[in-house]
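Residue numbering for the sequence shown follows the working numbering, beginning at 83 and increasing consecutively.
Worksheet: the structure to be examined is printed underneath.
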Amino acid sequence: MGETVLLNRFIPPLPSDLQLRGRTADQGPSACVGNSGGSSACWMRSPLCLCRRAWSSFVNVDKLSILRKLVDFLTSLAPLTTFIIIFLLCYYSYQLLKASGLNTIIVYFFTIEIFGNWVLFFCTKSYIDKSSGNSELAAGLSHDDCKQLRYCPTCKIYKPERSHHCSLCDRCIHQRDHHCFFLGTCVGGYNLCYFILFCFYACIGCIFAARLLHTYYSGTYLRAFWSSEVLYYFYPVTLVMWLLGKAELAEVGWVTLLYVSSATVVFTGFCVIQQLVYVLRGQTAYEYNKGLLMVHRSAFHNFLHVFGRYWILHIIIPFPRRRSETDPRSFLKIV
């Protein structure tokens, strides 16, 4: 003990920077993680420190928010995917048709109807207008009137009956039916007619396209549907055959278009039949599933309520319906 005291008295102390280096070297890589000042140089000297910092960052990140953003991003790509599919089907249908004036008119008619009703559907939102500022009252309604309405804490407005809040659109939707991911917005009371007409013409157009694609594919690659080659009409089988070298890449592309057009026929045809049943009954999908009947009109009046008085012109030519200004008191009515 006495010798240690004598050594400390006669040996001069080390500089502070050398003492810090000595402590860091003795403590090893674990000290670098706790030292905020030397961490920037530590991960350059030790790959282990870098791995630890990366792992700690991954553990502390909010994975639920990342997953939600990924789902939102993939959902936003659905309308673009729908647009590409419709464009390819229209283009190749036109290429496979025989050159004649009637066939050209048919292709252009279906193209205008499909894209025209989609644009009208997307531009005609079924949103309920929010009140000005932070007011909790709908314009033109008193406190007693608003007691009959339901309050939406998210939009901070009173909403009429048959209206519901959409978490994806983050708005209250008038007569909300459902949110269509493929077209990019909610189906509601103001754009329901465009949605039904879009599905109707997409169904008829895809039947026409599927027939053309089947005729070309079976004639070019000699694969009849009612034969042992029927397995090539299923997309996974054709893809595996291409990987095994028993099918061409172009054949995979034609089968993909045929597969998509056939699936679109089934999906859009189901949507048209389902929505027409709802329209004639005077219900939305939510009300039908809950067993609610909010309006009591004839089937014909329910049809006119959705498609308008000039419904024949809407079927032939895609043009917007005129929505007249209504009295604020009509906000209380069930329509």
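A virtual CB, placed ideally from N, CA and C, is assigned to each residue, including glycine.
Going by DSSP, which residues form a beta bridge with residue i?
i	result
THR267	CYS262
ARG403	Answer is none; ARG403 lacks a bridge partner.
TYR233	TYR240
ARG255	The amino acid occupying residue 255 in the given sequence is Ile; Arg does not appear at that position. For ILE255, which the question treats as bridged, DSSP gives the partners TYR209, HIS246.
Please name the residue in the options whose C-alpha comes closest to that of residue i.
i	options	result
ARG404	SER158, ARG391, HIS261	ARG391
LEU159	CYS262, ASN371, GLY364	CYS262
GLN257	HIS246, LEU265, CYS251	HIS246
ASN384	ILE398, ASP259, ARG150, GLN365	GLN365
CYS237	ASP252, GLU243, LEU231	ASP252
ASP259	TRP393, ILE394, VAL388, LEU395	VAL388
ARG363	PHE280, ALA381, CYS281	ALA381
ILE196	THR350, TRP393, ILE255, ALA367	THR350
GLU369	GLU243, ILE397, LEU386	GLU243
ILE397	LYS328, ILE194, SER147, PRO161	ILE194
ALA367	CYS131, SER310, VAL269	VAL269
PHE165	TRP393, CYS131, GLY198	GLY198
ALA284	CYS131, ILE255, ILE167	ILE167
THR206	ASN185, CYS248, PHE307, PHE277	PHE277
SER344	LYS328, TYR317, PRO161, GLY327	TYR317
PHE192	PHE282, PHE307, LEU152, ILE255	PHE282
PRO402	ALA306, LEU279, THR346, MET323	LEU279
Would residue i be called buried (16 or more neighbouring beta carbons within 10 Å of its own) or exposed?
i	result
LYS241	buried
GLN177	exposed
GLY110	Low per-residue confidence applies at GLY110: pLDDT is 47, beneath 50, and the placement is therefore not dependable enough to give any value.
PRO400	buried
LEU325	exposed
TYR314	buried
GLY373	exposed
GLY119	Confidence in GLY119 is poor, its pLDDT being 47 and thus under 50, which makes the residue's placement too unreliable to answer from.
ILE239	buried
GLU56	Residue 56 is absent from the structure shown; the chain starts at 83 and stops at 417.
LEU265	buried
VAL361	buried
CYS133	exposed
VAL287	Residue 287 is actually Gly in this sequence, not Val. Burial call: buried.
SER217	Any reading at SER217 must be qualified, since the residue scores a pLDDT of 46, below 50, and its modelled position is unreliable; the value itself is stated next. Exposed, by the Cβ-count rule.
THR163	exposed
PHE352	exposed
VAL348	exposed
LEU171	buried
SER182	exposed
VAL312	exposed
TYR233	exposed
VAL169	The question names Val, but residue 169 is Phe in the sequence shown. PHE169 comes out exposed.
LEU152	exposed
SER208	buried
SER98	Residue placement at SER98 is poorly supported in this model, since its pLDDT is 49, which falls under 50; the coordinates are not used for a value here.
SER309	exposed
SER175	buried
Using a Cβ-Cβ distance under 9 angstroms, would residue i count as near chain E?
i	result
HIS296	No chain E is part of this structure, which consists of one protein chain only.
Whether or not the segment 329-342 and the segment 291-299 are in contact is what I'm after, with contact meaning three or more pairs of Cβ atoms, one per stretch, closer than 8 angstroms; do they touch? yes
Within the segment 311-346, ranges of the alpha helix (DSSP H) (whole runs, at least 4 residues): Secondary structure in the segment 311-346: the alpha helix (DSSP H) runs of 4 residues or longer, each lying completely within the stretch, are 317-325 in chain order.
Would you call the segment 292-312 and the segment 354-361 touching, i.e. three or more CB-CB distances under 8 angstroms? no
Every unbroken alpha helix (DSSP H) within the segment 126-209, with a cutoff of 4 residues, ordered by chain: 129-142, 145-158, 160-178, 183-205
Would the segment 269-279 count as touching the segment 324-335 if we require 3 or more Cβ pairs under 8 angstroms? Result no; under three Cβ-Cβ pairs closer than 8 angstroms.
Touching by the beta-carbon criterion (3+ pairs, under 8 angstroms), the segment 367-383 and the segment 197-205: no
Is there contact here, the segment 206-213 with the segment 299-315, by at least three beta-carbon pairs under 8 angstroms? no
Output the residue ranges of the alpha helix (DSSP H) runs that lie fully inside the segment 268-311 and measure 4 residues or longer, sorted by chain position. 274-302
Kindly provide the ranges of any alpha helix (DSSP H) runs that are 4 or more residues long and lie completely inside the segment 353-383, ordered along the chain. 367-372
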